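Report on one structure; see the data block that follows.
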Amino acid sequence: MIAGYYGGRRPMMRTHVTLPRLSIEGQIDILVDTGAQVTCILGADVDVLEVPDEPLAQPATLHGVGGATVMYREPAILTFRDSENGRLYRYRTEVRIGARTGSGSNLPSLLGQDILQNWSLLHEPATGRLEAIPLTG
Numbered sequence: 012m013i014a015g016y017y018g019g020r021r022p023m024m025r026t027h028v029t030l031p032r033l034s035i036e037g038q039i040d041i042l043v044d045t046g047a048q049v050t051c052i053l054g055a056d057v058d059v060l061e062v063p064d065e066p067l068a069q070p071a072t073l074h075g076v077g078g079a080t081v082m083y084r085e086p087a088i089l090t091f092r093d094s095e096n097g098r099l100y101r102y103r104t105e106v107r108i109g110a111r112t113g114s115g116s117n118l119p120s121l122l123g124q125d126i127l128q129n130w131s132l133l134h135e136p137a138t139g140r141l142e143a144i145p146l147t148g
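Residue 12 is where the sequence shown starts when you use our numbering, and the numbers rise one by one after that.
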């Protein structure tokens with residue numbers, strides 16, 4: 012079971028992000044967003060991971076509640092730790108990386124369906140329980 016937590020009222024998970032093409036890795040806390048189709052690294056997390064502006068390629072326009080914004084597609088590996096036995100779950104995906112400034116720069120990073128579809132999710136804000144159970148071992 013991968014345990015999450017609530018940051019205020021926001022359901023959050025901690026993940027280790029690896030961006031192999033950019034030789035970048037680091038740990039971020041990411042908002043569980045069942046309405047997001049893809050995982051997005053936004054705002055302060057772009058700075059935390061020290062993602063450079065220049066080598067980003069493959070722009071894609073994403074449409075959401077806040078409108079449309081240009082983001083950059085980047086291959087990634089997201090790693091989550093099982094809180095009971097320490098087992099690591101690694102998921103290869105293609106994240107979207109937002110700009111440091113402008114639309115989305117003050118938003119939290121989003122954990123989307125590209126990862127969430129691999130889990131059974133227990134979301135109980137009233138009790139403070141947020142747990143992800145991987146569907147495959």
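Ideal placement from N, C-alpha and C gives every residue a C-beta, glycine not left out. Fair warning: this is a prediction, and the values are worked out from it, not measured in the lab.
Chain-order list of residues whose beta-carbon lies under 8 angstroms from that of T147 (same chain, five-residue window excluded): Numbered from its first residue, the sequence shown carries residue 147 at position 136. Excluding residues within five positions, the ones whose Cβ falls inside 8 angstroms are N129.
Based on DSSP bridge pairs, tell me the residues matched to G75. Within the sequence shown, residue 75 is the residue found at index 64, counting from 1. According to DSSP, G75 bridges with G78.
Which first and last residues belong to the alpha helix (DSSP H) in which G109 is found? Along the sequence shown, one-based indexing puts residue 109 at 98. Looking at the DSSP string, G109 is not in any alpha helix (DSSP H), and its letter there is neither H nor E.
Whose C-alpha, out of M12, I13, G19, is nearest the C-alpha of A137? The count along the sequence shown starts at 1 and reaches residue 137 at position 126. Ranking M12, I13, G19 by Cα distance to A137 puts G19 first.
Please work out which residues of its chain come closer than 6 angstroms, Cβ to Cβ, to A79, disregarding the five sequence neighbours upstream and downstream, and give them in chain order. Here residue 79 is taken as the residue at index 68 of the sequence shown, counted from 1. So the qualifying residues of the chain are T72.
Can you tell me whether L118 is helix, strand or coil according to DSSP? Position 107 of the sequence shown, counted from the first residue, corresponds to residue 118. Three-state result, L118: coil.
8 angstroms contact criterion, which Y100 and I88 should meet: CB distance rounded: Working through the sequence shown from its first residue, we reach residue 100 at position 89. Working through the sequence shown from its first residue, we reach residue 88 at position 77. At roughly 11 angstroms, the Cβ-Cβ gap does not stay under 8 angstroms, so Y100 and I88 are not in contact.
Inter-residue spacing [alpha-carbon to alpha-carbon] between R84 and D44: Locating residue 84 in the sequence shown gives position 73, where the first residue counts as 1. Locating residue 44 in the sequence shown gives position 33, where the first residue counts as 1. Cα to Cα, R84 sits roughly 18 angstroms from D44.
Which of helix, strand or coil DSSP assigns to L42: Position 31 of the sequence shown, counted from the start, is the residue given in the question as residue 42. Strand at L42.
Using the three-state DSSP reduction, which class does R32 fall into: helix, strand or coil? The sequence position of residue 32 within the sequence shown is 21, counting from 1. If DSSP states are grouped into helix, strand and coil, R32 belongs with the helices.
Leaving out the 5 sequence neighbours to the left and right, which residues in its chain are closer than 8 angstroms to L67 when beta-carbon positions are compared? In the sequence shown, counting from the first residue as 1, residue 67 sits at position 56. Closer than 8 angstroms at the Cβ level, and outside the excluded window around L67, lie Y83, E85, I108.
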